[in-house]
Structures are given as structure tokens and as C-alpha cells.
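Chains as they are written, first to last, in our numbering: chain F, 23 to 1014; chain D, 125 to 240.
Presented below is the structure to which this report refers.
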Amino acid sequence: MSELNLTDNKFIQFHQKIGFRFDGVKYYGYKGDTIASALLRNNLKLIGRSFKYHRPRGFYTCGIEEPNALVQIISEYSEPNTRATIKKIYEGMEIESQNRWPSLETDIGSINNIFSPVFPAGFYYKTFMGPHKNFWKKIYEPIIRKAAGLGKPPKEFKAVSTHLHHNVDITIVGGGLNGLIAAKSLIDTKYSVLLIDFDDQLGGILNNSNKVLSVNNQTPMDWISETVKEIENSKNIKILKNTLVTTYNYINHLIAVEDKFVGSRPLKDKVNSTLHKIRTDQVILCNGHIERFLSFQNNDLPGIMLCSSFEKYMCRYGVIPSKETVVFSNNSNSESLVFSLIKKGFKPKAYIDSRSGENIEPDLFDLIRKNDIPLYTNSLIKGAYGNKKLQKILVEDSSGGVNEIKTDFLCLSGGINPDVHLFTQSKGLLDWDEKDLTYKPAQAFQPTITLGSASGQFDFNAINKEINEKLVIFGIKPVQINLELNTSHKFKIEKLWEVLPQKQTIWSKSFIDLQNDVTTKDIRQAISEGFDRIEHLKRYTTNSMGTDQGKISSINALGIVSDLLDKKVNEVGTTIYRPPYAPLSFAAIAGRNSYEYYDPERKSPIHNWHITNGAVFEDVGQWKRPWYFPINKDETMDEAVQRESKNVRENAGVLDGSTLGKIEIKGKDALAFMNLIYTNSFSKMKPGTSRYALMLGEDGMVKDDGIICKISDEHFIATTTTGGAATVLGCMEEYAQTEWPNLNVYMNSITEQYATFNISGPKTRNIIEKVFPEVNFSNEAFPFMTFQFHEYEDTPIRILRASFTGEMGYEIYVPSNQALKIWEKIISFGKEFGLKPYGTETMHLLRAEKGYIIVGQDTDGSITPFDLGLDWMIGKSKKDFLGKRSLIRSDTVRKDRKQLVGILPTNKSEKLEEGQHIILDKEIKTPTPMLGHITSCYQSPTLGHNFALAVIKNGQSLIGTKAFASTPELKTIEVEIVEPIFYDKENTKLAS
Amino acid sequence: MLIIDCPYCGPRDQLEFSNGGEAHVKRPDGSADIGDREWGEYVFIRANPKGIFYERWVHSHGCRKWFNCVRDTSTDEILKIYKIDEERPKLDSFKNNVKTPSGEPNLGSGNFTVKK
């Protein structure tokens, strides 16, 4: 058993030994230990290397504010940047130190420290500018990334987390002394209350220090367990332990993350963390305070720690990091540590205070004298020295003499700050307290109450008054808590931000931000270069920009800056505190919306048939669509598409078009409404006919297309593109509700209610006559662009004669639950005519041969109907429709707009590609004027060569001329600009 | 994250809604007769004030209804929600703590953290 253990501790289970590995070496700790407390027990003080200079670092704190002790947890998917001061150990845990090579003891990167004169503030911005713009990306950045930095990204990570929503009346953040009193006073009131604490033990300061000897004549431990029991037994209060509130949003919306596996190895299939999303009427912030450090030469050496952290290791974790420590302070917060040390029999090696003797708390002064502890008042630490650990300090005493003290440990206190992070996230305002030298909450923006040290109330004796005053709005009974204190109840501090560094050796530095290796010299340099605004200074020096957000140091920086600029700290201001309070994992944020649940998958009603028949799927928005149907494993997509499209042209093919958007429009004014939404005029259309229609934005650009079936003047069914269905419905709703609320019209999506099967090819009629023998499919009875309702074995179906392939074709609309029956019938009856299913790629090829556009592929939101050569679709006699006025804007009537054309390679064996630019010159010189680009390109089995659609400037008048397509290799292919139609230009097939 | 009080469904999380930009922008009638400038302003120009703003929302993952809202863009405070056919509330019926054009409210804008 280690001699550093304090075995009378109640939180650590000394009978339960836990083995773990750090950098490959096996150590033992106890149940309840953090990585930090367990390693300190093993007298290990060097934990990592610093970010920029690779300086040796140790444990500086005992909590979430830790700047140095970040480790990689190998046994948890190599989770990086874990704070060793809060992560609990478990049997078999594997931990590695970060940012060192080859080892923690011998780190080659520490040479950066010797070269540090060339790494001043703004170094990266100033230095890596040339000689070529690629140097940053290719050479400098990779090297810097390797040398400077935190941990390595996790491996084979599989997030398992979930989200939980809460709606409560009151949320108490922090279960320390004030949080517990507040919660206790709310027991059995009408309010639902959530009490949240980051630790697995409620009690805060009562557990972490010896400041309070008794509460209401009970020991703190007894009082806590009794109070917690009462709260747990209450009906209206729920406690969340191991939960960190990271975010305080607008309208009292808090985000908190709960670790479900504290002190045990996370199970693979169990939820590892829960993200709590809390809506609450009132927030009570009792999240306490954080101690500051002080800047002096080499204030980063392993063996230097904050006073309250040292005391927390003793009280909360039963370990004394060192038996002979020196204490240095400028305030009364160190008092309790000295009491604790003497009580345990480890009296400090020396006590150094920047205050004069009469300003030191009298009790403390007497205690130090009584125990013969060397006392240095009015004294400052000039520097700390040692090789990879603290070995000695130099103290300048009141007479100006310099004393050397040999010690391996130094406890430090530079004052305390209320933890205002959450308060400022909520947009509350802070105010500088000249007496306590810190920013305190001044004015809340939301219904927020701050209690205890979180509100800047450092006086224990004022607890009752504060709680009773601030919680009176809840109508609670007045609280009376009697505290017996170990220390003076009032907080006193004397201004000290830094001890000015004296003679500089290369190695000696005075740090202001330990995590980002920012020195006080960097602050001075930034100010001398004109970065004297605190937000600029922060970004230029990277001060307080680490994962710890400068929790122990950012106020010191403000103090130093205010002195340098000779301004008040309030005038300097603070940088803005932004969420999160401490890093939280993306896994927790993602929750269950990850992997297969990341985005919903939409499937056609006959999806399983496609799977059984070997379809390869393509994602179209959220839909899974059959891309092509290979006949065997060896058939490539190109081969399959050539075969499928040839079959449609020669025999017949069937496509599952169920994903097409379908919108039903009804109402007395449906006709007027449709005339306003689409460019076409539907007035003269006979019921039972259909029309290809375009929808424009108000800017005159093509937004969507589809076929509109008119059942009557009061009833239409519109189809939309697969991806555009929601947008089109949304647009219709918007105009119906906001622009034309006088129109009596209703619309709804029926996309998922109906499956759609498109049969096309010369043998379509033979097949469809067999499937629906009672229907007359002759040209006279069922002409092109008409539709009919029929019944098939009691299933109502709608048959539309239309085509997207250029062949004669029919679309069959079937209720989704009957879809498979009809599909299988079509497949089996079609067999003798060579009918084969085809996928979206073949559909694209066939429609491109016919010159039919796909909105979003051949158009991009900057193409008008005229650019597409679709002038005939504009209902010119209509007074108004969406985007009509824009069609005569100066921009839309420009002559040199990009227009849709066809492209054929002059040499028929050449292959074109989508996205290639069309240019006029054979030789590519930079810059080359670009006419436009290829939007669709396929190898046509019918033509026997490549063809493409393109949008090019002034394209319609360039038809018949030559141009060039440029390749990524900067070669050019000669092409011919032609009409955008390659198949059946006379439209004889459609009506055959 | 806002809580938006849908006039048809009641208060719901902002997640359920989509913003529709400035409200009370009237679509010009008989659109062929009006000039390029007027039409261009309708299509492309929208106000974006700091302070009180009349805007549209749609309960897109709820009742699909559009409605209007008055919001202080500098503090995100929702001052009024009203149905699309209700009259536009007068600007002076709201307290505007923003000294336009570049002033900031002392509390809530998030641009200050310190009381001055």
C-alpha cells in the first residue's frame, strides 16, 4: 500500500484494488479513483507533454478545469483528450499519454522549446506564407499537425448514445452545499425539479475540502446522506448524477450529457452516454467556483498544483500528492489547505503569501507560527526550476532577498472565480468586483437564479439570507442552516496576476495558458503589435482557446491586459463564453440518429421484389431505387444498361416509378389554382386528359416538372420529380395559404398511397392488353396523354398513356398494398414479349436520347423554360402564374443565356463525360472562355456512340457548329452542337 | 432553440417549424404590367433588420399552416404570433430597445458579456 494513501477516506474503497496500464506499465488504484488520483498514489507526476513546446506537464487541478492532464483511453476505441482528473479507472483500463514521441520521458518534440524564440504569438500567421501557396497544405500543415496537437483520433468507433427530453419547472445545476439546500427546500412543493451534478457524489465543497466542519450540528457526510435520501424519497425531485450541463440556450433550454459508465468499462451494445435536453421555467445555477493560478517563471512544471485541487485530492480521493509541499497564495482560499495539511500531520514546508502579515487571516497566521512553518509574507515566487519535475523554487521576500527552497511540490492559489460560463451562455451580464477581483453575475437575461459561489457570494455566513431572498418566488419555507467553519468565512484577496519574469533563459517561460502554451510574453507582444482588443488578442495568441477554455487562467489574462493598457478590467471586458462548457462527444450529440438511422430510408411497395431479382440500388433523396438489374454477378452497370435500354427499344421494359411524387389537388378553385402554379394553361383541357407541365420559381427559373392529370375542373393529380415532391407540395401550400387564401383549394401528398409502373417499348400494347383484357388500348379509344380509371380484381387502378422513354408507353397507378400483385402479373404476362424490368440508369439514358430533361440534372436553378426550348409550354394568354413576370426580365431575355443543346463527338469513338466544359478553342490556354458544360452523357446502344446534353451560351444559335469538350487532362475532344433530340424526332413512336 | 406558439397547435419546439422570411411582402398583381424594378424588389429584396422583424413561419412538421410572427432579431424574443389573415400589429405597439442601425440592446444580444 502506497504511503501517500489517506485510508480514512470514505469515498475511496481501499479494499477494492484496481489494476490498469499507463503507457504500458501496470499500476494499481482503488475503486473510486480517477486516473489522476490513482497515478498520484503511485507517485507519478509527469502525465503529458504540452501542445506547442512539448514541455513536461503534470496534474494541475483535480477536476473539469484541467489544462494539462489529457490522456488517450486505448481501451475505449482509443478515445483521445480525456481529462485524467475526472475519468474514473476500472480493471484493465489502458491509458496512454499524448503528444510525445518516442516516449513521455524522452520527447524529441521538446526541441521546440529551445527554438521557442522563433515561435512567438501569431507565429503560424506570420511564417508559413510562402514560397508557394501549396506549401502550407502540403508541407507546413502536416508537419505542424504532427508536432503540435492533442490526441490521435479514435479508432473503429461505434457510438452508442441516446437522447432524453425533460420538461420541468425548476432545474438546479450543481448538487453542492447550495444546490442541496435549494433542492431540500423544494421537496414536496408543486414544482417538478431536476437536480444535476457532474460528480457521482453529491456535496461539492463539503466533500472536496475541510472548509465546513459541521452542518446543522451534523458532520457534512451525515448531513449530505440524510439530505440526499430526503430528496430521493420526494415525489417531485429527480437527481441526475454524472451529468455535466454543457449548454445553456435561449428559453431556458439546457443540454447536459450523462456518462452511463463511470468507473467501469463501457459495454459495446449499451448506451454509453445520454444527452439530456431540458426545458425548464427556472434555472438555479449552483455550479460553484473555479480557482485561478498565477503566472511566474516555469509555472507549468510537474509538481505545481492549485491549492483547492490539492485539498480535493486529500478529502475526496484519499491521496496526498506530496507530503512536503510549499504553499503560495494571494488570498484566503489557501487557508483551508494549510489546516487540512496540519491536521493530517503533513505540515507545509513553507507558506508564502504576497500579502503582508496583517492582511493574512489571523487564524492562519497563528497556526503557521504555532507549527513553526517558515512564513514568507510580502513575498513572491520568482520562479520554479527542475528537470521534468519541480526541484526548487526561488522566493523573493519582503526585504528583496532571494531565498532558494528545495521542494518537489508547490500549491498555488491566485484567487477564485464564480463559474460564470453557463450564466453568460444564457446571455446574462457580468460585472467586475473590485474587492474580490473577479467577474460576478450581475444581471440575468433569462429566468436564472445564481446561488453561492456561482453568484459570487463567497461568504458562508450569508447562505441563509441569499437562499431565502432569491427562492422566495417559489413560496418556500425560510431555510435555516447553521454551519461550523474551519476557516474564516470571508474571502479576502490582494491583487496579483503575475510575477514578472526576471532573467530569461531559453527554457524559462511564464505561462498564461497552459494548454495552448501561451506565455505572458506573448500577451505583451500581441499588445505591442496592436492586438489590444480582448477578442483579437485571444485569437492572435490562442489564449484560452484550448479544450479547457482557459478556466483557470482567462481572468488572469484580463488582469494582465488591464494593467498593461492601464484600463479597468471592466473596460477590457471578457471574451464571449460559448457552449459547450466542456467538450462533449459527437456520439452524444448524434444520439440514435446515426448509422442506419442517420436518415430515413424510403422504399417502393415492391422493394423486396427488386431485392429478390438482384437489383442494384441507387439513393435518390431518401428513396432506394433500383439502379439496374444485372443478369449475373459479372455484368457491369454499363453492360446492364446497354442491354436493358436495347430491350426497351426493341421489345418492352417496365420501370418501378413509385417514388415519383404524387399530389392530389381538390377544391372549387382547383383549376384557377393550377393555372397559377404551373406555366401551362389547364382551362381548355378535357377531363381525362393530361399534360406535361413546368413549375417555375418567382425568378422565372425551372423548379420542377411533371404530368398533370385533370379529372375535372375541381380535381387534379400532379406528379412531381422524385426529389422535388416535398418542395412542390410545400410551395403549393405556401401560395394557397399566404397569397391566394381566397381560393378554395386543398392539396395532399398521395406519393406513398400509390405505386406507379411505367411500361414502354414497341410491344407494350401486346402486354398490357393481356394484363387488362377488358380495357380497349387502341389509339382511338386510349390516345396519347389520356388516362382512364379501371378496376382490376376489385383493385381501383388508373392507367395513363404517357412516356418518358420515347417509346409508346403506359403508366399504371395502383394502391400500394395491391402493387406487388399487378407488378408480378405484368412481369409474367410480358415474358413472352421479352419484357424486362429496367432501372433508373436505363431510364436516364432513354429519356436523354429523346431529349427529355431531368430537373436538377440538366437544369440547376438558373435555367428558364426558354433556355430549354420549351416555349410552347408557357401559357402566354394567362394573366399570371408563378414566375411569369420574370420571363421578361432583362436578365431572362438576354441573348447569350445558357441554352440546352445536344452534343455529339465528331469522332464517334470518343467518349464524353458529364461536367466537361465546352470551349471554342482546340488548344486550352488559360484562361479559356467557357461556353458551358455537359449535363447528361451516355453511350447509346441505338446510335452506337456517345451523345450528350449540355447547356451552353447562346446554344440555340450555335446548333450546327463545332466546338470542343475539355478533359481533366487538359486535352480537347472535337464535338458537334446539335438539336437536343437523338431519337424519333418526329414523335411517331409515342402515338403509334 | 426557440419555443414557437403555433396558433393552431400550441407551443412547440423550433425543430418542427421552418422560417419563411419577411412577412407582409405583397405579391404584385397582374404581374406583366409592372416594371422590372418593382418586380425585382418583390422577388429578390427582403428586409433584414436588427430589432423588430415581421416574419413568416410554417409548422412544417405539424399542421403545415403558415402564420406570422414578430420577433426581435437581436434578442430572439418572440413578441407576437398571429394568423396569416389577422391584421399586422403596429410597430409602435412593441418596445424596441435597439438603437438602430448598429446599436445593441444591453442585455440579451450576446454581444456583451460585461455590464457597462
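Cβ atoms here follow ideal geometry from the backbone N, Cα and C, with glycine treated the same way.
Short CB-CB distance (under 7 Å) between residue 590 of chain F and chain D | Interface with chain D (7 Å Cβ-Cβ cutoff): residue 590 of chain F is excluded.
Per DSSP, what kind of secondary structure is residue 866 of chain F in: helix, strand or coil?
-> Of the three classes helix, strand and coil, the one that applies to residue 866 of chain F here is helix, per DSSP.
At which residue ranges does the stretch 591-636 of chain F contain complete beta strand (DSSP E) runs of 3 or more residues, listed in the order of the chain?
-> Whole beta strand (DSSP E) segments, 3+ residues: zero.
Could you spell out where the alpha helix (DSSP H) holding residue 359 of chain F opens and where it closes?
-> Its alpha helix (DSSP H) spans residues 357-366.
Is any beta-carbon of chain D found at less than 7 Å from that of residue 271 of chain F?
-> Chain D has a Cβ within less than 7 Å of the Cβ of residue 271 of chain F.
Start and end residues, alpha helix (DSSP H) containing residue 689 of chain F | It is not in any alpha helix (DSSP H) - residue 689 of chain F carries neither H nor E in the DSSP assignment.
Rounded C-alpha distance that separates residue 174 of chain D from residue 194 of chain D = Whole-angstrom Cα-Cα distance: 12 Å.
Excluding five sequence neighbours on each side, which residues of the same chain lie with their C-beta closer than 6 Å to the C-beta of residue 559 of chain F?
-> Residues of the same chain with a CB within less than 6 Å of the CB of residue 559 of chain F, apart from the 5 flanking positions on each side, are 548, 553 in chain order.
Hey, how far is the Cα of residue 118 of chain F from the Cα of residue 51 of chain F?
-> Just so you know, the alpha carbons of residue 118 of chain F and residue 51 of chain F end up roughly 16 Å apart.
Please list the segments of the alpha helix (DSSP H) lying wholly inside the stretch 309-346 of chain F, counting only runs of 4 or more residues, in order along the chain.
-> Given a length threshold of 4 residues, each whole run of the alpha helix (DSSP H) inside the stretch 309-346 of chain F is given here in chain order: 329-339.
Thinking C-alpha only, which one of F/534, F/529, F/510 is nearest residue 520 of chain F?
-> Among F/534, F/529, F/510, the Cα nearest to that of residue 520 of chain F belongs to F/534.
Should residue 497 of chain F go down as buried or exposed, given a rule of 16 or more other Cβ atoms within 10 Å for buried?
-> The residue is exposed, with fewer than 16 neighbouring Cβ atoms inside 10 Å.
Starting from residue 384 of chain F, follow the alpha helix (DSSP H) in both directions and report where the run begins and ends.
-> Segment 384-392, the alpha helix (DSSP H) holding residue 384 of chain F.
For chain D, is any of its Cβ atoms less than 7 Å away from the one on residue 275 of chain F?
-> Interface residue, yes.
What residue does the beta strand (DSSP E) around residue 831 of chain F start on, and which one ends it?
-> Judged by DSSP secondary structure, residue 831 of chain F falls within the beta strand (DSSP E) whose first and last residues are 831-837.
Which residue or residues does DSSP assign as beta-bridge partners of residue 193 of chain D?
-> Paired residue(s): D/179, D/205.
Cβ pair count under 8 Å reaching 3, the stretch 696-703 of chain F against the stretch 795-803 of chain F = Two segments are said to touch when three or more pairs of C-beta atoms, one from each, lie closer than 8 Å; by this definition the stretch 696-703 of chain F does not touch the stretch 795-803 of chain F.
Specify, as a first and last residue, the run of the beta strand (DSSP E) that residue 967 of chain F falls within.
-> Residue 967 of chain F -> no beta strand (DSSP E), and no H or E assigned at all.
Following the continuous alpha helix (DSSP H) through residue 790 of chain F, name the residue where it begins and the one where it ends.
-> In the DSSP assignment, residue 790 of chain F falls within the alpha helix (DSSP H) that extends over 786-793.
Near-chain A residues of the stretch 463-492 of chain F (beta-carbon distance less than 7 Å), N- to C-terminal order | Structure shown: chain A not included; protein chains present are F and D.
Give me the Cα-Cα distance between residue 764 of chain F and residue 178 of chain D, rounded to the nearest whole angstrom.
-> Roughly 22 Å separates the two Cα atoms.
Comparing alpha-carbon positions, which option in F/965, F/317, F/832, F/957 lies nearest residue 574 of chain F?
-> Residue F/317 is the option with its Cα nearest to residue 574 of chain F.
From the DSSP output, in three-state form, read off residue 50 of chain F for me.
-> Of the three classes helix, strand and coil, the one that applies to residue 50 of chain F here is strand, per DSSP.
What's the call for residue 355 of chain F, buried or exposed, on a 16-neighbour Cβ count within 10 Å?
-> Around the beta carbon of residue 355 of chain F, 16 or more other beta carbons lie within 10 angstroms, which makes this residue buried.
Okay, do the stretch 372-389 of chain F and the stretch 500-518 of chain F touch, 3+ Cβ pairs below 8 Å being the bar?
-> Short answer: they touch.
N-terminal and C-terminal residue of the beta strand (DSSP E) that residue 350 of chain F is part of | It spans 348-351 - the beta strand (DSSP E) in which residue 350 of chain F sits, taken as one unbroken run.
Taking residue 151 of chain D as the reference, which of F/761, F/840, F/977, F/849 has the closest Cα?
-> Of all alpha-carbon atoms in F/761, F/840, F/977, F/849, the one lying nearest the alpha-carbon of residue 151 of chain D is that of F/761.
Grab me the residues of residue 695 of chain F's own chain with a C-beta within less than 6 Å of its C-beta, minus the 5 sequence neighbours each way, in chain order.
-> Cβ neighbours of residue 695 of chain F beyond the five flanking positions: 765, 767.
How big is the Cα-Cα spacing for residue 932 of chain F and residue 990 of chain F?
-> Within the model, the alpha-carbon separation for residue 932 of chain F versus residue 990 of chain F is close to 15 Å.
Could you tell me whether any Cβ in chain F is nearer than 7 Å to the Cβ of residue 163 of chain D?
-> Yes, residue 163 of chain D counts as interfacial toward chain F.
With 16 other CB atoms within 10 Å as the buried threshold, where does residue 811 of chain F fall?
-> Classification of residue 811 of chain F: exposed, given that the 10 Å Cβ count is below 16.
Span of the alpha helix (DSSP H), counted from its first residue to its last, around residue 563 of chain F = Note, residue 563 of chain F: alpha helix (DSSP H), 556-563.
Just tell me which of F/541, F/621, F/831, F/112 has its CA closest to the CA of residue 96 of chain F.
-> Closest by alpha carbon: F/112.
If you compare alpha carbons, which of F/213, F/943, F/332 is closest to residue 58 of chain F?
-> Of the listed residues, the one whose Cα sits closest to residue 58 of chain F is F/332.
For residue 911 of chain F, return the contacting residues in chain D, with the cut-off set at a CB-CB distance below 9 Å.
-> Per Cβ cutoff of 9 Å: 160, 163, 164, 167.
Unbroken alpha helix (DSSP H) run spanning residue 666 of chain F, endpoints = Its alpha helix (DSSP H) spans residues 659-672.
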